[in-house]
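Just below is one structure, and these are the notes that go with it.
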Amino acid sequence: MKYQGKLTNWNDEKGFGFVEPNGGGNRAFVHIKAFVRTSRRPMEGDVIVYEPVLESPGKYKATNISLAIDRKAKKHSAPGTRKLGTIVVLAFCALLTAFTLLKILPVQVLLLYLGASLIAFVMYALDKSAAQHNRWRTPESSLHMCALLGGWPGAFYAQNKLRHKSSKASFKRMYWATVVVNLAAFFWLLSESGKQFLALLPI
Numbered sequence: 001m002k003y004q005g006k007l008t009n010w011n012d013e014k015g016f017g018f019v020e021p022n023g024g025g026n027r028a029f030v031h032i033k034a035f036v037r038t039s040r041r042p043m044e045g046d047v048i049v050y051e052p053v054l055e056s057p058g059k060y061k062a063t064n065i066s067l068a069i070d071r072k073a074k075k076h077s078a079p080g081t082r083k084l085g086t087i088v089v090l091a092f093c094a095l096l097t098a099f100t101l102l103k104i105l106p107v108q109v110l111l112l113y114l115g116a117s118l119i120a121f122v123m124y125a126l127d128k129s130a131a132q133h134n135r136w137r138t139p140e141s142s143l144h145m146c147a148l149l150g151g152w153p154g155a156f157y158a159q160n161k162l163r164h165k166s167s168k169a170s171f172k173r174m175y176w177a178t179v180v181v182n183l184a185a186f187f188w189l190l191s192e193s194g195k196q197f198l199a200l201l202p203i
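Under the UniProt record's numbering, the first residue of the sequence shown is numbered 1, with each subsequent residue one higher.
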């Protein structure tokens, strides 16, 4: 059963504290490693959702912890927007594969998107881990640059799979701007001038 409570006595340097359940009851020990899918590092006074586990008589620890604000953001996020994004990614991947098989585009373009998407997913995963453990973060500009250079399908998958950067409106706007620019460049490659450009490359 999930409970909701307020984070107290939080020691951010050591990454632990306690949670006092709403409505009264046994407080539980909280450790940073027990948090899952958080958009940021927890702070004193945060309301969290957790599952209490009895460790010894009268002593509980919190597991499967999430920030209440993250759960609300997920609940109120626009599912239609995510669904539309999924359609865009799948349609693009299908077109890219078809153009490669039909030899309209060289296979190197497909490999570029695959490689950039893999790099993007790894960058998101490392940044999420860094956010949870208070380590050096990957600059958002680097994430956007990777998306711009062809890693946007992998970035979209990472945002939804890892629940990272998926609810920050300003980041999402910039992300979709990089998608539009990249798609414009992609379809330009299909034009006569784009084909001439590809013919000049050592591929």
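Just so it is clear, CB atoms sit at the ideal spot from N, CA and C, and this is done for glycine as well.
- Could you have a look at TRP10 and say whether DSSP puts it in helix, strand or coil? strand
- Leaving out the 5 sequence neighbours to the left and right, which residues in its chain are closer than 7 Å to ARG37 when beta-carbon positions are compared? SER66, ASP70, ARG163
- Measure the alpha-carbon distance for CYS146 versus ASN26 and round it to whole angstroms. 46 Å
- How far does the beta strand (DSSP E) with PRO21 in it reach, from first residue to last? 16-21
- Query: Assuming GLY151 contacts ILE119 under a Cβ cut-off of 8 Å, what Cβ separation, rounded to an integer in Å, is found between them?
  - Reply: 6 Å
- Are there 16 or more other CB atoms within 10 angstroms of the CB of THR178, so buried, or fewer, so exposed? buried
- Short Cβ contact (9 Å threshold) for ALA62 with VAL107: no
- Which residues bound the alpha helix (DSSP H) around LYS195? 192-200
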